[in-house]
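Residue numbers (the numbering used here), protein chains in the order written: chain A, 1 to 360; chain B, 1001 to 1360. Cβ atoms here follow ideal geometry from the backbone N, Cα and C, with glycine treated the same way.
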DNA sequence: GGGACGTACTAAAACCTTTTATAAGCTTCC
DNA sequence: GGAAGCTTATAAAAGGTTTTAGTACGTCCC
């Protein structure tokens, strides 16, 4: 409503070829040209050779339909609004890649906004997307508090908001995969790095871990538990917390980290402390981001199919928009354990010389 | 032109409040309402109290102007197209953050597309952005081969395309800052990690380094030079190349890496080899991404003001669009050396026991 | 030779804004 | 009392597309 008014009109020459241009060119009317180009029902009665003439002319004149006029008339934009917390981390980027791929294949487009956990910015941007005619929303790692007015799919949103479809990892299964793996290798003293309070997966994942641990008779000890803080999206985020675990001098033979980057940061801390992975400590990450396979040693991790999750989110929201498929409150995604080289059996030698006993 | 046709009309209820709604409500005409709400020149003759009534009613009915109708008429979208190579790395994310900030403050919006170095996708998306009415382009880390039809600013684009404004770091100054720093600490045997061929800064930065090295009488030896490969955007990318440097058994007392993540990966490799930083090897990174300050030890690095570069890019393109300021082919950005703890003087002890002599 | 039907289109409305030209009603002034 | 001028609006066009209803013309059939 209030835009900065500019004196000088930019007046782009643009693609000034309209339906009328073509119509005049051929001695027809815009309506006919439109029907032919869109092959609409009205084009039934247009003879083949006229259609061809029209298509030919459109190509020749390099006709591009005016998106705004069309949208105004059709009330369809074929556009999704993607609301992300941040770009620049592997998690969000992979989900967005999946979204991008699906939408591109299906002739949809998307607008991305980032809100950095600022509720006011979120509000502003949601409104803006609405104005720009998006027909649905996908959020990632964003805590929606209220229902948006359009079909909405939340990737890793755990608020269970009415009308919003949540794409969530089956965290219980994930916890089971990781802990069962560690248990089968003989690990009993397992340390944990929990996620930041703000990260929307933190709560559910931790709950699942606690439940599963109980089922598997694995004891979770507060002395072996730390919680991430900060928003750094490099392994640097895990390093100090792993050091902290070591400093507590409570022995442990394995670590289950909240995500790959904190796991990788921990590898480093262990290295520095003279501990070998996996001989002295086994480490399990979470996500299977691209870095995981290239860490040293390559990281055993619970794989979230992030690309796939993005695709599913996109498909779900498009189906909702097009009236196919109906609303479900939740879609569970199956995690997968990727065993690499950061986990191994508890060695008898290590039973004496566990992490906690080594000088940190 | 060919969209998937949907049977069921979604028929959003949308903000079905138009100018006509308000006009009818007040017994006026849409034209009057429009004039009042926009405070256009035509509103001169509308008395204050009528204006107030109109504004009041608009607020009450929650009127939102239809973006598409308005754009159709005004031929302005106040939108910039941002073409990025990838999101998910700190570099692109920070530049985009800067862009976002400037544009938001100035009532512009932006559409982001990513092309992952796929020229076809780039082409498709550029066309799509044009269709969507963007009034200018900003590219990051993208090698444009031809001029786009609108004002264009390239961040870290080095093709010097006619009509495109390049925002480039003063690489000579950057090289000077880093090498002078190392030289002043007594380093003579300096290893280098070059950037990937695809990364658009690689070429210029390396040239600058070579020039400056010559000026400072620092010898660049091929045995102490490696080149990054791959697209991983975590420190994992630097690790193997640092190992490779060590494996060559040529002594060096300092490393100047292409970017922070490869520098951090190198730190790790050195650590692993039992070398201390900075006592045994000094390491200088590039970029000053958020992780740099939190690495171990905190990284000395050449700071690129990425946020600022994004802001400048946005400002430049907006100025171009609005007819303020005129085209310049290049805007140089001053780097800054941030000295942290990964660099230190060459110690006499180290002179005997340099990196190359240690078992890798 | 005239009604029915088919072919090949056209005309016009609708989507919602902005803007320009114009009009209606009132006051003022000589 | 009528022209001039001011105030307060309005009507209509334009922007480009899609769609519905309709028209003009020809052919066929009995």
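- Residues of the segment 1221-1255 of chain B with a C-beta atom less than 7 Å from some C-beta of chain A are 1232, 1234, 1235, 1236, 1239, listed in chain order.
- Listed along the chain, the chain B residues whose CB falls inside 7 Å of the CB of residue 142 of chain A amount to none; the nearest CB is some 16 Å away.
- In the structure shown, residue 227 of chain A falls within a strand segment according to DSSP collapsed to helix, strand and coil.
- Within the segment 1256-1280 of chain B, the residues whose Cβ lies closer than 8 Å to some Cβ of chain A are 1261, 1264, 1268, 1271, 1272, listed in chain order.
- At least one beta carbon of chain B lies nearer than 9 Å to the beta carbon of residue 89 of chain A.
- For residue 207 of chain A, there is no enclosing beta strand (DSSP E); the residue is found in the alpha helix (DSSP H) stretching over 202-215.
- Given a length threshold of 3 residues, each whole run of the beta strand (DSSP E) inside the segment 1069-1107 of chain B is given here in chain order: 1079-1084.
- Spatial neighbours of residue 1186 of chain B in its own chain (CB-CB distance under 6 Å, excluding positions within 5 residues in sequence) are listed in chain order as 1345, 1346.
- Within 10 angstroms of the beta-carbon of residue 1197 of chain B lie fewer than 16 other beta-carbons, which makes it exposed.
- Following the DSSP letters along the chain, one finds residue 31 of chain A inside the alpha helix (DSSP H) bounded by residues 30-38.
- With fewer than 16 other beta carbons inside 10 angstroms of its own, residue 49 of chain A counts as exposed.
- Setting aside the 5 residues that flank it on each side, residue 1177 of chain B is surrounded in the same chain by 1302, 1335, 1336, 1337, each with a C-beta closer than 8 Å to its C-beta; the list follows chain order.
- Shown here for residue 1333 of chain B: same chain residues with a beta carbon closer than 6 Å to its own, the five before and five after excluded, namely 1169, 1309 in chain order.
- Residue 166 of chain A has A:154, A:330 as its beta-bridge partners, per DSSP.
- Linking residue 128 of chain A to residue 1211 of chain B through their CA atoms gives a straight-line distance of about 49 Å.
- Taking a C-beta distance under 9 Å as the contact criterion, residue 285 of chain A and residue 199 of chain A do not qualify as a contact pair.
- Distance between residue 1021 of chain B and residue 201 of chain A, taken at the CA atoms: about 45 Å.
- Residues of the segment 1292-1321 of chain B with a C-beta less than 8 Å from any C-beta of chain A: 1294, 1295, 1296, 1321, listed in chain order.
- Proximity of chain B to residue 128 of chain A at the Cβ level (cut-off 7 Å) is accounted for by 1109, in chain order.
- For a Cβ distance threshold of 7 Å, residue set 112 of chain A lies close to residue 1112 of chain B, ordered along the chain.
- Judged by DSSP secondary structure, residue 50 of chain A falls within the alpha helix (DSSP H) whose first and last residues are 48-60.
- Cβ-Cβ separation between residue 330 of chain A and residue 166 of chain A: approximately 5 Å, consistent with a contact (criterion under 8 Å).
- Using a Cβ distance threshold of 9 Å, residue 279 of chain A and residue 1271 of chain B do not count as a contacting pair.
- Where residue 1191 of chain B is concerned, the enclosing beta strand (DSSP E) starts and stops at 1190-1194.
- Contact check for residue 1025 of chain B and residue 1069 of chain B: beta-carbon distance about 19 Å, past the 8 Å limit, so the pair fails to qualify.
- The alpha-carbon of residue 183 of chain A is positioned some 30 Å away from that of residue 1268 of chain B.
- Taking 9 Å as the threshold, the shortest C-beta distance from residue 1133 of chain B to chain A falls below it.
- At a cut-off of 9 Å between beta carbons, residue 1069 of chain B contacts chain A.
- A direct Cα-Cα distance of roughly 29 Å separates residue 1256 of chain B from residue 276 of chain A.
- Under DSSP, residue 302 of chain A forms a beta bridge with A:286, A:337.
- C-alpha of residue 1093 of chain B to C-alpha of residue 141 of chain A: approximately 17 Å in a straight line.
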